[in-house]
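Some notes on the structure that comes next.
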Amino acid sequence: MPGQFCLNTLFGNSCQSLLLSFDQNRFSRERITGICLPYLDPKYEGGDIETCVDGSCFYTDQISKKNFCLSQGIYALGDFIVGIDTLGQCLIKNQITRVQIKSCLGLTYCALDIGKGNYTCQMLQLSDPKYPSLSYQAKNANQTCQELNKENSIGCLDGLYCINQYTNNKCEVMNSNDPNKIGRNFFNQQCLPQGAQVAIICQQQYCISSGACIPLSDSHPGQENVTQICLQEQSQGQNGASNCYKNGYCLLTDPLTNKASCFKLDFSNPNTIGIQKDTQLCLQMGQPQAIMCAVEKYCLDQTTNTCQLINTKKGMCIDKNGFCVQNGSCFNCELNQCLSQSNKNTCQDLLQPSITYCKDSQG
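Note that UniProt numbering gives residue 345 to position 345 of the sequence shown, counting from 1, and the numbers run on in steps of one.
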């Protein structure tokens with residue numbers, strides 16, 4: 001009995017089409033008899049199968065020699081099913097075949113030609129030491145692997161990448177300077193603008209609120225690790241914070257939970273004096289690779305890239321970039337000083353013998 005049909009003994013031995021449905025009795029056809037078989041779970045005994053329903057693949061237990069018809073994305077006897085070849089055979093993770101590949105799992109695996117007539121279903125990623133000279137950062141609509149910035153992509157590697165429908169579906173790096181590439185769609189991996197649903201990944205200075213990417217801010221300065229959900233100040237969430245609002249917030253790890261949260265720079269807290277470059281970690285005074293300091297009491301030493309206490313007795317103050325400078329080049333002052341109205345770019349004490357000074361909105 002050729003084709004996608006089987007003999008259904010539950011309906012008067014009538015010939016019926018195979019169905020890609022786990023709860024029907026027509027998932028495969030038995031060898032010799034042609035009888036319809038239900039879906040056979042690989043955790044239990046298989047059958048003597050001749051034909052699988054389209055969309056599933058043929059898998060053989062190498063010990064019992066029993067057969068199963070399986071879907072991509074499941075585990076069978078320790079094997080992870082990631083593809084189907086043109087003969088309908090299941091392909092397991094890292095398997096190499098000489099038969100051309102019909103399809104690979106979802107948006108995350110692509111058909112890779114590794115040369116000399118060999119093929120494999122490759123997970124999308126930037127690089128793989130097994131195939132360093134090949135490209136597999138994106139998945140073409142025809143199931144094959146391709147590099148970034150190629151048209152007709154239906155899948156991108158994990159991370160800050162998305163499919164740009166305005167460039168004929170190229171898989172591109174997400175870009176905070178492009179308003180249409182702020183997030184990545186949960187279902188089809190297409191690029192999303194700020195506020196669009198349903199996002200699964202956002203740019204670093206954004207977080208997910210009600211399914212959309214919104215900018216980090218003082219009201220929600222943290223981006224949660226893994227989920228990228230918005231976090232309030234000093235909130236760890238379920239997974240801890242991974243990024244903080246760049247306007248004065250840093251990552252501080254709780255030693256009890258080993259999870260980070262976003263703290264605003266605070267000169268009164270010795271652990272939140274500065275922000276470390278690249279990592280966004282909170283720094284104490286004198287710790288290296290600082291890019292920002294709590295300006296009320298500290299400034300950034302350009303020589304050591306550390307946060308130093310502003311020594312007003314030596315005429316120290318802060319320039320517009322937060323660096324330590326001397327009076328005459330001041331943009332901001334230590335907490336107990338203000339900018340002089342008579343001496344340009346110079347800081348003076350708030351309290352003097354004959355007059356009391358305070359800061360206005362300009363410092």
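C-beta: ideal position from N, C-alpha, C; glycine also.
>> Pull the bridge partners of Q95 from the DSSP assignment, please.
In response: Residue mapping note: residue 95 aligns to position 95 of the sequence shown, counting from 1. Looking at the DSSP assignment, Q95 forms no beta bridge with any residue, so it has no partner.
> Could you check where the beta strand (DSSP E) with Q194 kicks off and where it finishes?
Replying inline: As a first step, residue 194 is located in the sequence shown; it is residue number 194 there, counting from the start. Judged by DSSP secondary structure, Q194 falls outside any beta strand (DSSP E); it is assigned neither H nor E.
> Which partner residues does R184 have in the DSSP bridge list?
Replying inline: In the sequence shown, counting from the first residue as 1, residue 184 sits at position 184. R184 pairs with C191 and I201.
> Which same chain residues, not among the five before or five after C15, have their C-beta less than 8 Å away from its C-beta?
Replying inline: For this step, residue 15 is matched to residue 15 along the sequence shown. These residues qualify, in order along the chain: M1, F5, C6, L7 and N8.
> Q194 and I214 look like a contact to me (Cβ under 8 Å); what is the Cβ gap, rounded to whole Å?
Replying inline: One-based indexing of the sequence shown puts residue 194 at position 194. One-based indexing of the sequence shown puts residue 214 at position 214. That pair is a contact at about 7 Å.
> Cβ atoms of K139 and C110: under 7 Å apart, would you say?
Replying inline: One-based indexing of the sequence shown puts residue 110 at position 110. One-based indexing of the sequence shown puts residue 139 at position 139. Closer than 7 Å, so yes.
> Is it right to say K116 is buried, meaning 16 or more other beta carbons lie within 10 angstroms of its own, or is it exposed?
Replying inline: By one-based count along the sequence shown, residue 116 stands at place 116. Looking at its Cβ environment, which holds fewer than 16 other Cβ atoms inside 10 Å, K116 is exposed.
> Which one of I35, R31, L252 and Q223 has the shortest CA to CA distance from L10?
Replying inline: Residue 10 sits at position 10 when you count from the first residue of the sequence shown. Nearest to L10 by C-alpha distance, out of I35, R31, L252 and Q223, is I35.
> So the beta strand (DSSP E) N118 belongs to, where does it begin and stop?
Replying inline: To locate residue 118, count along the sequence shown from 1; it is residue 118. That run of the beta strand (DSSP E) goes N118 to M123.
>> Buried or exposed, going by whether 16 or more other CB atoms sit within 10 Å of the CB of P270?
In response: Residue mapping note: residue 270 aligns to position 270 of the sequence shown, counting from 1. Under this definition P270 is an exposed residue.
> Hey, which unbroken runs of the beta strand (DSSP E) at 3 residues or more fall wholly within the stretch 255-339?
Replying inline: List check, beta strand (DSSP E) in window: 259-264, 274-276, 290-293, 298-301, 306-309, 316-318, 324-326 and 337-339.
> What residue range is occupied by the uninterrupted beta strand (DSSP E) comprising T51?
Replying inline: As a working note, residue 51 is residue 51 in the sequence shown. That run of the beta strand (DSSP E) goes I49 to C52.
>> What does the Cβ neighbour count give for A141, buried or exposed, with the cut at 16 atoms within 10 Å?
In response: The residue you call residue 141 lines up with position 141 of the sequence shown. Label assigned to A141: exposed.
> Cα-Cα, which of C104, R98 and G47 is closest to I114?
Replying inline: Position 114 of the sequence shown, counted from the first residue, corresponds to residue 114. That would be R98, whose Cα lies nearest to the Cα of I114.
>> Using the Cβ count rule (16 or more neighbours within 10 Å means buried), how would you classify D44?
In response: Numbered from 1 along the sequence shown, position 44 holds the residue referred to as residue 44. Sequence inspection shows Tyr at residue 44; the Asp mentioned does not correspond to that position. Result: exposed.
> Near L77, what residues of its chain come up, given a Cβ to Cβ distance below 7 Å and the 5 sequence neighbours on each side ignored?
Replying inline: One-based indexing of the sequence shown puts residue 77 at position 77. Same-chain partners within the cutoff: P42 and D61.
> Between Y245, S176 and T312, which lies nearest to C282 when the distance is taken from Cα to Cα?
Replying inline: Position 282 of the sequence shown, counted from the start, is the residue given in the question as residue 282. In terms of CA proximity to C282, Y245 leads the group Y245, S176 and T312.
> Where do the ends of the beta strand (DSSP E) carrying E172 lie?
Replying inline: Counted from its first residue, the sequence shown places residue 172 at position 172. E172 -> beta strand (DSSP E) spans K170 to V173.
> Can you give the beta carbon distance from G322 to L300, rounded, assuming they're within the 8 Å contact cut?
Replying inline: Position 322 of the sequence shown, counted from the first residue, corresponds to residue 322. Position 300 of the sequence shown, counted from the first residue, corresponds to residue 300. With 8 Å as the limit, G322 and L300 qualify as a contact, their Cβ atoms being about 5 Å apart.
> How long is the line joining the alpha carbons of Y169 and C162, rounded to whole angstroms?
Replying inline: Locating residue 169 in the sequence shown gives position 169, where the first residue counts as 1. Locating residue 162 in the sequence shown gives position 162, where the first residue counts as 1. A quick correction: the sequence has Asn, not Tyr, at residue 169. Approximately 9 Å between the Cα atoms of the pair.
>> Taking the beta carbon of I310 as the centre, do at least 16 other beta carbons fall within 10 Å, making it buried, or is it exposed?
In response: Counting from 1 along the sequence shown, the entry for residue 310 is found at position 310. Buried, because 16 or more other Cβ atoms sit within 10 Å of the Cβ of I310.
> Mind pulling the beta strand (DSSP E) runs of 3 or more residues that sit fully within the stretch 126-180?
Replying inline: Correct list: 138-140, 153-156, 161-164 and 170-173.
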